[in-house]
Every structure is written in structure tokens, then in C-alpha cells.
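Asks: So that we are looking at the same thing, I have put the structure below in C-alpha cells.
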Ligand code: P5A
Ligand code: ZN
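In our numbering, the protein residues as written are 86 to 562.
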């Protein structure tokens with residue numbers, strides 16, 4: 086057990102903190118002998134199940150879940166010119182079946198457009214089939230050459246949620262882009278993770294898209310992490326894969342498409358945003374254990390305390406909470422430490438004195454201590470958990486605001502970028518973006534920035550002085 090290892094490295098040393106947290110909280114085991122591939126511990130997997138349960142619930146309202154093959158024939162993957170150009174450096178190839186070379190090489194999907202769209206060619210017939218909204222949660226493979234990191238930059242993305250939609254008109258597809266962004270906002274609100282939404286510059290859009298809108302968050306060290314993207318594909322893929330429908334007048338039309346994806350980076354963001362030097366801090370909505378009960382059994386009323394703990398457990402479980410009594414033969418302090426590392430939002434302590442007073446002692450993962458009357462425990466616990474969620478949301482927003490600055494000179498930008506992101510006026514020209522990027526060693530991430538602060542607009546481009554609008558600049562993972 087990780088009993089007396091003490092605190093984690095300070096969060097200021099983000100990489101050190103993150104790596105040690107992942108194994109001490111039993112999220113990921115990084116010892117698998119292939120670079121960029123990691124193993125989910127059962128506790129991490131329980132967290133993953135809850136997080137993806139929230140995502141599924143949001144999608145299931147008007148999307149259908151499906152499952153496509155992992156292997157894509159080279160002939161299909163190569164069809165859309167921009168798409169293959171964007172991914173060719175990153176594809177893993179299957180070239181043999183046993184000892185025999187394959188006639189057509191097979192790619193491990195880096196994403197599934199070229200697996201799904203040949204089938205959409207068969208599925209989409211008439212305007213009555215539209216809109217079509219399908220998603221799958223699968224593993225995908227990308228031979229990443231940048232520094233790999235668990236949950237953040239993987240060569241096997243184990244939890245790639247990809248949605249693929251088909252529409253009659255470009256405007257319908259655009260409405261879907263906005264619906265997908267609203268869905269992602271709602272998902273991240275459930276995780277209490279604040280986001281910045283912006284439109285990626287043209288040279289940074291998804292290969293084969295008309296445009297890309299990205300969802301970013303700000304990590305503890307001020308660097309951004311792209312935690313979701315929504316792409317308007319226009320008719321690029323429908324022309325390549327002949328996805329056509331018969332319109333109301335009996336004419337054949339090319340369909341308009343979107344796709345959007347989220348990976349386990351959502352879990353990296355969740356962990357990094359809320360955790361502290363004692364370990365994970367998890368929002369109740371996704372915590373594998375929401376309430377842990379620690380019986381204080383010193384003295385001779387041990388049996389009575391254990392019975393009371395069991396009754397409380399049953400009562401809270403019946404109310405739908407994920408609750409656990411820690412009956413292990415350990416000091417209470419060791420148990421506190423153990424569950425704090427695993428991010429349990431609420432700890433209930435039940436001892437002889439609590440029994441006599443008709444109460445339970447409650448301590449949140451952020452250290453707020455109170456007593457809850459035994460008679461109304463269910464409601465007291467629900468209230469504490471709801472407040473806890475509110476506190477995480479507020480702390481997250483404060484983090485975002487304190488790491489974002491609206492500035493309009495290069496000098497201010499170079500100061501702001503050391504702490505986090507900045508919004509600067511930019512004219513939209515690539516040469517100016519290149520100049521900004523070189524000067525402050527950061528990236529122009531996007532435009533039309535939507536976040537919890539107002540952005541610069543209508544002022545002079547900080548590079549050339551021509552009229553500009555607000556662009557998000559930051560250093561990203
Ligand atoms: C959208 C879904 C796509 O692949 N096709 C289907 C589209 N978009 S994307 O931007 O390339 O990827 C979607 C999101 O996945 C995350 N991501 C990664 N996560 C971990 N490791 C990686 N190597 C990795 N690559 C991409 C990003 O959050 C991205 O926004
Ligand atoms: Zn300019």
C-alpha cells in the first residue's frame with residue numbers, strides 16, 4: 086500500500102505531480118513495454134466508465150451508438166487527398182497476415198472517417214434518412230512523434246469518442262457544429278472543467294474539413310490542452326465517398342457532414358484541474374466512490390459503530406449514491422489518506438460520540454468539516470455533495486480567469502504567455518501569426534474566442550497594425 090509516502094510533489098512541478106499521481110491514485114500504469122501505450126488500473130477504469138457514462142448519456146439523446154472495424158484498407162484511407170496528407174506520418178500499417186504479405190495494406194484507424202464513410206455511401210439514400218447521427222467509443226492509433234504522455238498524447242488512444250453526422254445542407258451541418266459544441270460544454274460542466282472555445286486557424290484545421298472549432302482548457306502550469314474538436318466537413322468526404330441523397334424534387338445531392346471527437350484527455354483535464362498535493366479531487370458526478378464511511382472503532386463500542394456504519398451505507402446506497410464503508414484493519418488516519426489520494430468527495434466519520442449525539446461527522450475532500458444530523462443524513466449528504474460540485478466549478482473558473490489576459494502589445498503578450506494564455510488583436514494573416522509565434526514562442530490557437538472573459542476586437546493587429554480581431558495565443562500540450 087502507498088501508506089507512508091507522504092504528499093505528492095508540489096503541483097507547481099506539474100509533470101512530477103501528474104506522473105506520481107497517476108500511479109499512486111491507481112489511474113494508469115505506465116510500465117507497459119510499448120512507448121505511448123498505457124494500462125488502465127481498475128480504479129482508473131471505474132473513473133473512465135463514469136466519465137464516459139456522462140458523455141454517452143448526452144449523446145444518446147439524438148445519436149445512435151455503433152461499432153466499426155479497426156482496420157481500414159489503404160485504398161479507402163488514401164481516397165480523400167487532404168485527409169491522408171494530414172495523417173500519413175501517423176498511421177500504423179498491418180502488412181502481413183502471418184507470413185504472407187497482404188495484397189492491400191491495412192491501416193490501424195487513426196480516426197474512422199475512411200472506415201465509416203464507405204458505409205454511409207450505402208446507408209444514405211434519401212432526404213428522409215437525414216440527419217444521420219452516429220457515434221462510437223473505440224481505440225485509435227496515431228504514431229505520435231511529439232513527447233508521449235499518459236492520457237494526454239497517446240499512440241493508442243483507448244477512449245476515442247467520435248461522432249459522425251450527415252445532413253442535407255451546409256447550414257444544417259453548421260447547426261450540428263453548434264449543437265455538438267453545446268453538448269461538449271455541458272459535458273465539461275459536469276466535470277467542472279472550464280473551457281475556451283475557438284476557431285482554429287485555417288492551417289491548423291482537421292485534414293479534410295471546411296473548418297475546425299476546438300475546445301481547450303488551461304492546465305495547472307498555464308499550458309493549454311485541446312480536449313475536443315468539432316469539424317464542419319462540408320462535402321469534401323461526401324464527394325470522395327459518393328455520399329448522396331435524393332432530395333424532395335428527386336435530384337441527387339451531395340450530403341454535408343460533420344464529425345467531432347473527445348479522447349481520454351478529458352480525464353487528464355479533470356485530474357489536473359482539481360487535484361492537489363494529497364491526490365485526486367473528483368466531482369461527485371464521476372467519482373467511483375462518492376462517499377466513504379470510516380468507522381471510528383476505538384474502545385468497546387466497536388460492534389455498535391460497525392452496525393451503524395452498515396445501516397448508513399445501505400441508506401445512502403438506496404438513495405443512489407456510490408458509498409463504501411472502509412472496514413480494513415487500519416488506523417483511521419491511514420484510511421483518510423488512502424481515500425483522499427483517490428479523490429473521494431465526502432468522508433463520513435462514525436464514532437461512539439457521533440452515535441450519542443445523533444449525528445455524523447462529515448469532511449469534504451477540500452477539508453471542510455461539519456456535522457450532519459443522523460435523522461436527515463440523506464439530505465445533508467446530497468446538499469454537501471451539491472455544494473462540493475459548486476466549489477469545484479468556481480475554483481475551475483477562477484483558475485481559467487487568472488491564467489488568461491486580454492492584451493494589445495507584444496510586450497504585454499510576452500509577459501502574459503509566461504502565466505497562461507492571452508487574447509490579442511490579430512489581422513488573420515499567416516505571416517503575422519508566424520511573427521507572433523516566433524516572438525513569444527507560443528501558438529496562435531484560434532479566433533472567435535468564447536470564454537468567460539471578453540476579448541479584444543476591432544483593435545490593431547499586434548504584428549502589422551491593420552484591423553484585427555481577438556485571437557487566442559498560448560503554449561499547448
Ligand atoms: C473528430 C472525431 C478527429 O479525429 N475525427 C473523428 C475527428 N479529430 S481530432 O482533432 O484529430 O481528434 C479529436 C480529439 O482527440 C484528442 N486527441 C488525442 N488524445 C490523446 N492522444 C492523442 N494522440 C490524441 N490526438 C487527438 C484531442 O482532444 C482531439 O481534439
Ligand atoms: Zn497582422
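Beta carbons are placed, not taken as given, at the ideal position from N, Cα and C, and that holds for glycine.
Bear in mind that the values here come from a model prediction, so they are computed numbers and not experimental data.
Quick one: what does DSSP say residue 154 is sitting in, helix, strand or coil?
Replies: coil
Asks: Taking residue 570 as the reference, which of 218, 92, 113, 102 has the closest Cα?
Replies: Nothing can be reported for residue 570: it is not among the residues displayed for the chain, which extend from 86 to 562.
Asks: Quick one: residues in its chain with C-beta nearer than 8 Å to the C-beta of residue 111, no 5 flanking neighbours on either side, listed in chain order?
Replies: 126, 127, 128, 129, 427
Asks: Rounded to the nearest angstrom, how far is the Cβ of residue 139 from that of residue 371, given a contact under 8 Å?
Replies: 6 Å
Asks: Would you say the region 265-275 touches the region 142-161, given that touching needs at least three Cβ pairs under 8 Å?
Replies: Contact between the region 265-275 and the region 142-161 is present: 3 or more CB-CB pairs across the two stretches fall below 8 Å.
Asks: Quick check on DSSP: helix, strand or coil for residue 391?
Replies: helix
Asks: With hydrogens ignored, establish whether the beta-carbon of residue 523 is closer than 7 Å to any heavy atom of the ligand ZN.
Replies: no
Asks: I'd like to check one pair, residue 431 with residue 449: are the Cβ atoms closer than 8 Å?
Replies: yes
Asks: Residue 303 and residue 297 - do their beta-carbons sit closer together than 8 Å?
Replies: no
Asks: Ordered along the chain, which non-local residues of its own chain (more than five positions away) have a Cβ less than 8 Å from that of residue 109?
Replies: 87, 90, 93, 364, 426
Asks: If distances are taken between C-alpha atoms only, which option among 467, 286, 346, 300 comes closest to residue 242?
Replies: 346
Asks: Go ahead and pull the three-state DSSP assignment for residue 549.
Replies: In this structure, DSSP gives residue 549 a state outside helix and strand, which the three-state scheme calls coil.
Asks: Between the region 197-207 and the region 149-159, are three or more C-beta pairs nearer than 8 Å?
Replies: yes
Asks: Would you say the beta carbon of residue 288 is closer than 7 Å to some non-hydrogen atom of the ligand ZN?
Replies: no
Asks: Figure out for me which residue from 281, 314, 462 has the closest Cα to the Cα of residue 485.
Replies: 281
Asks: Please indicate yes or no: does the CB of residue 348 lie closer than 7 Å to some heavy atom of the ligand P5A?
Replies: With a threshold of 7 Å, the Cβ atom of residue 348 counts as near the ligand P5A, since some heavy atom of the ligand is closer than that.
Asks: Going straight from the alpha carbon of residue 544 to that of residue 536, what length do you get?
Replies: 19 Å
Asks: Can you look up residue 188 in the DSSP assignment and give me helix, strand or coil?
Replies: strand
Asks: Which ranges would you report for the beta strand (DSSP E) in the region 375-445 if only whole runs of at least 3 residues count?
Replies: 376-380, 408-410, 431-435
Asks: What residues are listed by DSSP as bridge partners for residue 201?
Replies: Paired residue(s): none; residue 201 is not in a bridge.
Asks: Have a look at 443, 98, 476, 232 and flag the residue whose alpha-carbon is nearest the alpha-carbon of residue 461.
Replies: 443
Asks: Could you compute how far the alpha carbon of residue 388 sits from the alpha carbon of residue 435?
Replies: 12 Å
Asks: For residue 223, which three-state DSSP category applies?
Replies: strand
Asks: To which residues of the same chain is residue 439 closer than 7 Å at the C-beta, ignoring the five residues directly before and after it?
Replies: 445, 446
Asks: Does DSSP put residue 368 in a helix, in a strand, or in coil?
Replies: coil
Asks: Looking at C-beta atoms only, is the number of pairs between the region 327-334 and the region 203-217 that lie closer than 8 Å three or more?
Replies: Yes, the region 327-334 touches the region 203-217.
Asks: Does the beta-carbon of residue 77 have 16 or more other beta-carbons within 10 angstroms, so that it is buried, or is it exposed?
Replies: Outside the modelled stretch of the chain, which goes from 86 to 562, sits residue 77, for which no answer is possible.
Asks: Can you give me the C-alpha to C-alpha distance between residue 463 and residue 424, rounded to a whole angstrom?
Replies: The straight-line gap from Cα to Cα measures roughly 21 Å.
Asks: Pull up the distance between the alpha-carbon of residue 381 and that of residue 367, whole angstroms please.
Replies: When rounded, the distance between both Cα atoms is 24 Å.
Asks: Keeping to the same chain, check which residues put their C-beta closer than 8 Å to that of residue 238; ignore five residues upstream and five downstream.
Replies: 121, 229, 231, 232, 562
Asks: Determine the burial state of residue 275: buried for a count of at least 16 other Cβ atoms within 10 Å of its Cβ, exposed for fewer.
Replies: buried
Asks: Which same chain residues end up closer than 8 Å to residue 152 when comparing Cβ atoms and leaving out the 5 residues on each side of it in sequence?
Replies: Scanning its chain for C-beta atoms nearer than 8 Å, with the 5 sequence neighbours on each side dropped, one finds around residue 152 the residues 221, 223, in chain order.
Asks: So who's on the other strand from residue 246, going by DSSP bridges?
Replies: Per DSSP, 222, 347.
Asks: Determine which residues share a DSSP beta bridge with residue 358 and list them.
Replies: Answer is none; residue 358 lacks a bridge partner.
Asks: Whose CA, out of 557, 546, 514, 299, lies closest to the CA of residue 528?
Replies: Of the candidates 557, 546, 514, 299, the one whose C-alpha sits nearest the C-alpha of residue 528 is 557.
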